[in-house]
Amino acid sequence: MTKILMVCLGNICRSPLAEGILKAKLPKHFTVDSAGTSNYHIGDAPDRRSVAVAEVNGLDISNLRGRQFKVSDFDAFDLIYVMDDSNYKNVVKLARNDDDVAKVSMILNEVYPNENYNVPDPYYGGDKGFETVYNMLDEACTIIANKLTD
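If you read the sequence shown in the UniProt record's numbering, its first letter stands for residue 1, the second for the next number, and so on.
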């Protein structure tokens with residue numbers, strides 16, 4: 001059983017969306033979770049705008065709660081997808097060895113291999129930013145799901 005972790009800064013905007021999107025695309029025997037590199041929103045529900053854009057697209061992420069990435073996540077997960085270069089640096093800084101680092105990838109590299117594009121943080125933007133982020137993550141998650149189920 002493959003276990004996938006989605007990581008952003010606060011675990012209330014991008015990574016819960018990615019978690020919800022990928023869960024919907026994979027069979028139930030896969031595990032998908034999300035976390036943030038910061039401790040700003042531990043225990044918080046996703047941002048209302050993430051919940052809204054997910055709902056418009058037929059997903060319910062309202063029950064998710066923010067948590068902080070921890071070193072033991074390297075043991076618990078097979079694949080760790082980060083949303084931007086800052087998240088990548090913060091996660092890799094906690095890596096204990098090359099095997100840990102090898103689990104970490106920029107999520108948009110699934111769409112644009114080796115380009116290291118960031119998923120923009122929509123927190124301070126308007127609702128349109130959440131739609132844009134949803135569409136980016138949906139495209140990446142479709143590719144991930146196809147790779148994992150082929």
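Virtual Cβ for every residue (Gly too), placed ideally from N, Cα, C.
Residue i, buried or exposed, once every other Cβ within 10 Å from all chains shown has been counted against 16
i    : result
P16  : buried
M83  : buried
A71  : The sequence shown places Val at residue 71, rather than the Ala named in the question. V71 is exposed by the Cβ-count criterion.
Y124 : exposed
M1   : exposed
E115 : exposed
R14  : buried
N87  : buried
E19  : buried
D150 : exposed
P113 : exposed
D33  : buried
Under the three-state DSSP convention, the category residue i falls into
i    : result
I80  : strand
M106 : strand
G129 : helix
A140 : helix
K23  : helix
D99  : helix
L148 : helix
A45  : coil
L94  : coil
L17  : helix
S86  : helix
D73  : helix
Cβ neighbours of residue i in the same chain (closer than 7 Å, five flanking residues each side left out)
i    : result
A24  : L59
K57  : Per the sequence shown, residue 57 should be read as Asn rather than Lys. Same-chain partners within the cutoff: Y134.
D100 : F74
D44  : I12, R65, G66
Same chain only: Cβ atoms within 6 Å of residue i, ignoring 5 sequence neighbours per side
i    : result
M136 : V119
G10  : G36, S38, Y40, H41
S62  : V51
L26  : A145
N90  : T37
Close beta carbons around residue i, own chain, < 8 Å, minus the five adjacent residues each side
i           : result
S105        : L79, I80, Y81, V82
residue 184 : Because the chain in this structure spans residues 1 to 150, residue 184 falls outside the shown range and cannot be described.
Q68         : N11, A35, G36, T37, S38, N39, I42
D85         : M106, N116, N118
Integer Cβ distance of residue i from residue j, believed to fall under 8 Å
i   : j  : result
F30 : I4 : 7 Å
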